[in-house]
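Input: a single structure, listed below in structure tokens.
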Amino acid sequence: MIINNTFKSRSQLDRKFAQRIAKQLTTAISDKGYASIAFSGGSTPKGLFNELSNKNIDWSNVTITLVDDRWVDTASKDSNDRLLRENLLQNYAAKATFFSLKQAENLSEQYLANITEQASRFTPLDVVILGMGEDGHTASIFPCSAQVHQGLDELADPALIKVVPTTAPYERVTFNYAAIIQASHLYLHVVGQSKQDVISQALADDDATAMPIRAFLQNKDKTCNIFWAE
């Protein structure tokens with residue numbers, strides 16, 4: 106189930122989106138004493154990161170993490186970890202707790218079990234912001250990967266899993282569908298006409314293994330707010 110939020114410009118989207126997220130984090134803190142949020146990487150959210158980092162909320166009670174990350178050094182230009190540290194964990198948001206998905210050298214089963222256990226301390230997440238590739242992948246649940254069924258398994262325990270895409274570089278670590286869908290507030294943040302075309306394609310069929318974003322857009326019990334601007 107989706108709700109479309111369309112904006113005339115990316116700057117307007119970033120401003121309005123940051124206002125909504127800040128309000129939802131503040132409400133969560135008021136209700137339970139803390140809040141948690143997971144972001145996607147890429148260039149699309151940079152403006153949002155800047156807007157949100159300047160929101161004067163109680164960041165000391167917010168845990169920020171990533172929906173997924175490439176298994177690269179955190180100093181790499183391809184690291185989502187670095188992207189967040191340089192663009193979001195600034196200004197007021199510097200007071201937040203950052204939960205990195207890259208805390209070791211080896212992406213082993215034991216590491217995944219350990220980091221999943223650590224994440225259970227702040228999950229279910231209050232807010233999740235997904236991105237989407239031209240192939241319909243979201244998080245690091247790729248249709249080309251051998252792990253696509255594992256990543257989309259509705260009956261699986263919420264977890265962080267390893268994915269090895271065949272059409273994109275690097276091994277990945279990602280929250281699975283079961284973890285993401287539990288979020289109190291779920292968003293898809295995309296810009297440009299090409300992403301609208303992908304959304305239309307995703308809504309035209311229901312095979313989530315071919316386009317994993319379908320699992321989130323077509324879930325009957327969860328509302329996914331799409332924030333889009335040209």
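Start counting the sequence shown at 106; every next residue gets the next number (my numbering). C-beta: ideal position from N, C-alpha, C; glycine also.
Smallest Cα separation from residue i: which of the options?
{"i": "PRO150", "options": "ASN192, ASN324, GLU210", "result": "ASN192"}
{"i": "ASN166", "options": "ALA180, TYR197, ASN185, GLY146", "result": "TYR197"}
{"i": "SER299", "options": "ARG125, GLY241, GLN117", "result": "GLY241"}
{"i": "ALA251", "options": "THR272, THR202, GLY152", "result": "THR272"}
{"i": "ASP134", "options": "TRP164, LEU322, ALA309", "result": "In the sequence on display, residue 134 carries Ile and not Asp. Here the closest residue by C-alpha is TRP164."}
{"i": "ILE331", "options": "VAL296, LEU130, TYR292", "result": "TYR292"}
{"i": "VAL295", "options": "TRP333, ASP262, LEU260, CYS329", "result": "TRP333"}
{"i": "PHE204", "options": "SER141, GLU276, LEU153, GLY152", "result": "SER141"}
{"i": "ALA143", "options": "VAL172, LYS137, GLN195, THR132", "result": "VAL172"}
{"i": "LEU260", "options": "PRO270, ALA283, SER114", "result": "ALA283"}
{"i": "ASP326", "options": "GLY297, GLY138, GLN287", "result": "GLN287"}
{"i": "SER289", "options": "LEU130, ASN109, LYS121", "result": "LEU130"}
{"i": "ASN110", "options": "ALA315, GLN301, THR314, ALA313", "result": "GLN301"}
Work out the CA separation of residue j and residue i for me, nearest whole Å.
{"i": "ASP119", "j": "LYS200", "result": "21 Å"}
{"i": "VAL232", "j": "ASN211", "result": "28 Å"}
{"i": "THR243", "j": "LEU265", "result": "14 Å"}
{"i": "GLN124", "j": "GLU156", "result": "8 Å"}
{"i": "PRO317", "j": "SER116", "result": "28 Å"}
{"i": "ALA224", "j": "VAL177", "result": "20 Å"}
{"i": "VAL174", "j": "ILE220", "result": "The sequence shown places Asp at residue 174, rather than the Val named in the question. Going from the Cα of ASP174 to the Cα of ILE220 covers about 13 Å."}
{"i": "ARG190", "j": "ILE285", "result": "22 Å"}
{"i": "ASP311", "j": "GLN323", "result": "8 Å"}
{"i": "LYS113", "j": "SER213", "result": "45 Å"}
{"i": "THR202", "j": "LEU194", "result": "9 Å"}
{"i": "SER305", "j": "TYR139", "result": "36 Å"}
Note the first and the last residue of the continuous beta strand (DSSP E) segment covering residue i.
{"i": "VAL232", "result": "232-235"}
{"i": "PHE280", "result": "277-280"}
{"i": "LEU308", "result": "LEU308 -> not in any beta strand (DSSP E); alpha helix (DSSP H) instead, spanning 298-308."}
{"i": "ILE107", "result": "107-112"}
{"i": "VAL268", "result": "265-268"}
With DSSP collapsed to three states, give me the class of residue i.
{"i": "ARG226", "result": "coil"}
{"i": "ASN155", "result": "helix"}
{"i": "SER141", "result": "strand"}
{"i": "ASN192", "result": "helix"}
{"i": "LEU291", "result": "strand"}
{"i": "THR243", "result": "strand"}
{"i": "ILE331", "result": "strand"}
{"i": "THR149", "result": "coil"}
{"i": "ASP163", "result": "coil"}
{"i": "THR202", "result": "strand"}
{"i": "ASP183", "result": "coil"}
{"i": "ASP136", "result": "helix"}
{"i": "ASP262", "result": "coil"}
{"i": "ASP174", "result": "strand"}
How far does the alpha helix (DSSP H) with residue i in it reach, from first residue to last?
{"i": "LEU171", "result": "Looking at the DSSP string, LEU171 is not in any alpha helix (DSSP H); the run it does join, the beta strand (DSSP E), is 167-171."}
{"i": "ALA320", "result": "318-322"}
{"i": "VAL253", "result": "253-257"}
Rounded C-beta distance between residue i and residue j? I'm assuming under 8 Å.
{"i": "ASP55", "j": "LYS207", "result": "The question about residue 55 has no answer, for the chain in this structure spans 106 to 335."}
{"i": "LYS267", "j": "LEU217", "result": "6 Å"}
{"i": "CYS249", "j": "MET106", "result": "Incorrect: roughly 27 Å between the Cβ atoms, too far for contact."}
{"i": "ALA364", "j": "ILE162", "result": "Not covered by the structure: residue 364. The range shown for the chain is 106 to 335."}
{"i": "GLY256", "j": "ILE246", "result": "4 Å"}
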